[in-house]
Each structure stands twice: as structure tokens, then as C-alpha cells.
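*Asks:* Starting off with a structure, shown below.
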Amino acid sequence: MQTKRIAIFGSTGSIGTQALEVIAENSNLFSVAILTAQNNVDLLIKQALQFNPQIVVIGDEKKYQTLKEALANTTITIAAGEAAIIEAAASDIYDMMLAAIVGYAGLKPTLKAIENGKAIALANKETLVVAGDIVMKKALEKRVPIIPVDSEHSAIFQCLVGEGRNKIEKIILTASGGPFLGRKPNFLVNVKRDHALQHPNWSMGAKISIDSSTLMNKGLEMIEAKWLFNLQPQQVQVVVHPQSIIHSMIQFEDGSIKAQMGLPDMKLPIQYAMAFPQRLANNFKRYDFKKPNALTFEEPDLKTFRNLSLAIDALHKGGNLPCIMNAANEIAVFAFLRNRIGFLDMTELIERTMNKIPFIEKPTLKDYFDSDGEARNFAASIIQM
Ligand code: NAD
Ligand code: MG
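Have a look at this one:
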């Protein structure tokens, strides 16, 4: 049987490495066609030697020589730089892209893969936050399936199987609440990066860990859900569920609610997206109903975690506002991770940028690129002051 040829964009990250574990466990079903990474050349070399892809690309051009020398005795094609990453997405040697680059940087390669007619397993939520209308339209045009990897969206996707044209009343995205659930601004003002990086239920890359601690992650996911499932903003709701057992729910028009559950483990949505519509047997840990464990639900604290309010605002206003918010957030998180600004300063930076950059109701792709650049420059200029 032919294997499904997977191109992992962002292979050295949290999602990328877990995807490679899934592939290693299921080598009868999957093979690796492309690996890309930004900086971590040592891990990329190790992965390339283990999985023998056809193309390997490193974003940081300074690492090209190291990569080339380490893979000299192989037949692997090696390239470096942003353009080379996008070019790899245009190649014909793969069947599915796992879009696991973090941030805005994932948009162009993913768009290229869609134009190229390749199926997408989408982890990179920022792609839909920035340009969801254009990405979904292009996918429809090219008949390209976009299968979510984000656990909440995978849950919704799984609940939709077999529902045909049945109408969704609303979806309920669950949020763990992050490491600072129940905390107030007087506590958050002093929070430092190492504390914010410690998520109670998931081990993830640095950016999404910070986004989870500010609840921006849930805001990004509301916008991601709107585009993936073609919903109106008011159909997307968030509930805090600290145990992260229910990964999200759909309420249909008859009031019936479907949920998808399990222990938090990203390998499950990753393998579901790669193998869809098949489910693959595995030995991941199972949830045990015999162990007393209350599943609880509460409202998110929008007054304290104002990033989520800003994202809800962007979700409702639409246009280029989510793109602007995303760019400012990336600058803010980057600055916080370098101890340049405080935890609550992130919100102020995002809000000021959202108020500053001109609103465009129906942006073109170029408008999105421009808005992203303008928002980054403005947010960075505030930090310099
Ligand atoms: P990560 O930081 O661990 O890894 C990011 C990967 O992208 C790395 O391989 C890195 O080399 C590459 N990369 C970074 N900057 C790049 C750039 N400018 N150009 C090209 N490549 C670049 O991130 P992650 O936690 O694996 O998250 C990846 C994406 O998946 C994010 O969009 C995140 O929101 C989403 N996601 C992650 C999780 C999770 O559990 N980690 C869960 C749901 C969704
Ligand atoms: Mg998620």
C-alpha cells in the first residue's frame, strides 16, 4: 500500500515533533516528504536522518552550511530561507501539509500548499486569524480539505461527522483557563515569563503557552472556528473547563449537544487529522471514569483577561482587525518572553495597535500583508519608547 506523504512545516516544534512520533508509530500509513524548521538545525538534521525526506529547508540562512554538510551523504535536497520554505510547499512530492509553523509566518506556505491542491492538517491557527476569508475561499475553489489539528477544532470536526447538513446553533469552545485561572490584575501585573510558560494541562511551544496564559489563545481560536465552520460570530461561545477533558462541543438546532472527550494529548488530534476519515489504534493513556474527577465549567473572566475581550471585538468587527490584533500580539508575546514588557502591558500594546491601524472592511491579501507590517511596526515602536 502507498503511504500518505506528509510535509511537516515546523517539524522541530511541539506539534512537529509529536507528528513525527505518530508517523514513526504508523510507518505503514505515513512517510515524510518535507521537513522545515526555522532555527533548530541540530534537531532538523536528526529528523532528516531518521525519516529520510526528499526536501529539507531551514529558515535561517546562516544554518544552511551546517545542514548541507550534515546531510552531504544523502540524496536529500537542501535549501534555506523564507522563499525556499514557500517554494517547498509548491512542490509535487507530498500529499498533505501539516501546517505547524507558529504565527503569521505560517500563512504564506499554507496558502501556497492550498493553491497547489494539497490537503492541509492545520495546526497554525494564525493563518485563519489573519486571512481566514481568503484561505477558506481558496480551499473551496481548489477542493482542498482543511482538517483542524487544534484540539478544540478537532473536537468540533469530529462531532460534525455524520451530521450532513444539520444546522449548528452554536459551538462551545472549552478553555482550560491557563496557569492564572482565578487570578486578578494585582497578581498578574507581577507575573514573569517562566511562570506564564507553565501550562497546567498541555506542554506546548512558547508562543501558544503565553497566549494560553492571557486567554488570547482562546480568542484566536474563536476566530479560527468562525472560518473553519462557517459560523456567525455570535455562534461561537467559550466556557472555562479547567480539567481539559471535554475538548469542545456543538449545540445543534434541536438543542442536542455533542462533545468530544479524552485526556489532553495533542497526538490524538494530530493523528486524527493525518489519517482522517480513519481512526488509528494507539496506546495513548485513556481517561478513567472510575477515578473521581469532577468536570467543572465556569464563565471566562473577561474583565481580568482583557485579551479575550479584544479578540471577541476583532471577531465581531472582522475586516483586517483580527490581522492587526494578531500582529500586535506576536510583538507583545515576543517582548514579554524577552522580559521587555510586563504581563498586563501585552494587552495595552495590542489595544493601542488595534485602535491605531486603519480599519479595512474587505481587505485583499495585500491589505492583510500591509496591515500585518504596519501593526508590527507600530507595536514595536511603542516598546522602543
Ligand atoms: P513551536 O514554537 O514549538 O514550533 C514552531 C515551529 O515553527 C518550529 O519548527 C519552528 O522552527 C518553526 N518556525 C518558527 N518561526 C518560523 C518562521 N518565522 N518561519 C518558518 N518556520 C518557523 O510551536 P508549536 O507549539 O508547535 O505551535 C505550532 C502551531 O500550532 C501554532 O500556530 C500553535 O498555535 C498551533 N497549536 C499548537 C498546539 C500545541 O500543543 N503545541 C496546540 C494547538 C495548536
Ligand atoms: Mg487549542
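Sequential numbering from 13 applies to the sequence shown in our numbering. Note that beta-carbon positions come from the ideal geometry of N, C-alpha and C, so glycine has one too. Note that this is a predicted model, so its numbers are computed, not measured.
1. Val141 lies in the alpha helix (DSSP H); which residues open and close that run?
2. Please determine whether the Cβ atom of Glu138 lies at a distance below 8 angstroms from any heavy atom of the ligand MG.
3. Should Gly194 and Asp313 be called a contact, given that it needs their Cβ atoms to be closer than 9 angstroms?
4. Nearest to Glu310 by CA position, among Met337, Val252, Ala287, Ile258, is which residue?
5. Determine the direct distance from the alpha carbon of Asn85 to that of Ala237, and round the result to whole angstroms.
6. Measuring CA to CA, which of Ile257, Gly25, Leu61 is closest to Gln50?
7. State the DSSP-derived secondary structure class of Glu99, mapped to helix, strand or coil.
8. What first and last residue would you give for the beta strand (DSSP E) that runs through Ala285?
9. Have a look at Ile395, Gly330, Gln170, His211 and flag the residue whose alpha-carbon is nearest the alpha-carbon of Gly190.
10. Could you check which residue in Ser23, Gln14, Glu99, Asn38 has the C-alpha nearest to that of Gln283?
11. Where does His207 land, buried or exposed, given buried means 16+ other C-beta within 10 angstroms?
12. Looking only at C-alpha atoms, which of Asn178, Ile336, Leu134 sits nearest to Ile372?
13. Distance, Cα to Cα, Lys182 vs Asp54?
14. Who are the Cβ neighbours of Met108 in its own chain at under 8 angstroms, not counting the five residues just before and after it?
15. Starting from the Cα of Ile235, find the closest Cα among Asn198, Tyr76, Leu327 and give me that residue.
16. Any heavy atom of the ligand NAD within a distance shorter than 8 angstroms of the CB on Gly118?
17. For the ligand NAD, any of its heavy atoms closer than 8 angstroms to the Cβ of Asp313?
18. Can you tell me whether Phe169 sits near the ligand NAD, meaning its C-beta is under 8 angstroms from at least one heavy atom of the ligand?
19. Within the continuous alpha helix (DSSP H) that includes Ile395, where are the two ends?
20. Given that a residue counts as buried once 16 or more other Cβ atoms are within 10 Å of its Cβ, and exposed if not, what is Arg298?
21. I want to check one thing, is the minimum distance from the CB of Lys230 to the heavy atoms of the ligand NAD below 8 angstroms?
22. How long is the line joining the alpha carbons of Val156 and Gln396, rounded to whole angstroms?
23. Should His207 be listed as close to the ligand MG, given that the test is whether its C-beta is under 8 angstroms from any heavy atom?
24. State whether the region 220-227 contacts the region 336-355, with contact taken as three or more CB pairs (one from each stretch) at a distance under 8 angstroms.
25. Using CA coordinates, which residue listed in Gly354, Asp357, Leu307, Pro375 is at the minimum distance from Asn332?
26. Should Gln290 be labelled buried (16 or more other beta-carbon atoms within 10 Å of its own) or exposed?
27. Under a three-way DSSP split, which group does Gln50 fall into?
28. Closest by CA to Ile161, which one among Glu153, Asn128, Ile113?
29. Name the residue from Ile222, Ala100, Ala82, Glu127 whose alpha carbon lies nearest to the alpha carbon of Gly115.
30. Grab the span of the alpha helix (DSSP H) containing Ile235 for me, first residue to last.
31. For Asp104, count the other beta carbons within 10 Å of its own beta carbon; 16 or more makes it buried, fewer makes it exposed. Which is it?
32. Can you tell me which residues fall inside 6 angstroms of the ligand MG, judged by beta-carbon distance to its nearest heavy atom, and keep chain order?
33. For my contact list, Arg205 and Phe348 are in at a C-beta cut-off of 8 angstroms; report their separation, rounded to the angstrom.
34. Among Leu377, Ile158, Ile324, which residue has its Cα nearest to the Cα of Glu363?
35. Check Ser256 in the structure and name its three-state DSSP category.
36. Please confirm whether Leu361 and Val201 have their CB atoms less than 9 angstroms apart.
*Replies:* Considering the structure as presented:
1. Val141 -> alpha helix (DSSP H) spans 138-153.
2. No, the ligand MG has no heavy atom inside 8 angstroms of this Cβ.
3. Going by C-beta atoms, Gly194 is nearer than 9 angstroms to Asp313.
4. Val252
5. 45 angstroms
6. Gly25
7. helix
8. Looking at the DSSP string, Ala285 is not in any beta strand (DSSP E); the run it does join, the alpha helix (DSSP H), is 279-287.
9. His211
10. Asn38
11. exposed
12. Looking at the Cα atoms, Ile336 is the closest of the given residues.
13. 45 angstroms
14. Closer than 8 angstroms at the Cβ level, and outside the excluded window around Met108, lie Lys16, Arg17, Ile18, Ala19, Lys130, Ala131, Ile132, Ala133, Met286.
15. Leu327
16. yes
17. Here the distance from the Cβ of Asp313 to the nearest heavy atom of the ligand NAD is not below 8 angstroms.
18. no
19. First-last of the alpha helix (DSSP H) with Ile395: 377-396.
20. exposed
21. Every heavy atom of the ligand NAD is 8 angstroms or more from the Cβ of Lys230, so no.
22. 43 angstroms
23. no
24. yes
25. Pro375
26. exposed
27. coil
28. Position check: residue 161 holds Val in this sequence, whereas Ile was assumed. Checking every option, the nearest Cα to that of Val161 belongs to Ile113.
29. Ile222
30. 228-240
31. exposed
32. After applying the 6 angstroms Cβ criterion, the set is Asp162, Ser163, Glu164, Glu233.
33. 6 angstroms
34. Ile324
35. Three-state DSSP puts Ser256 in coil, outside helix and strand.
36. no
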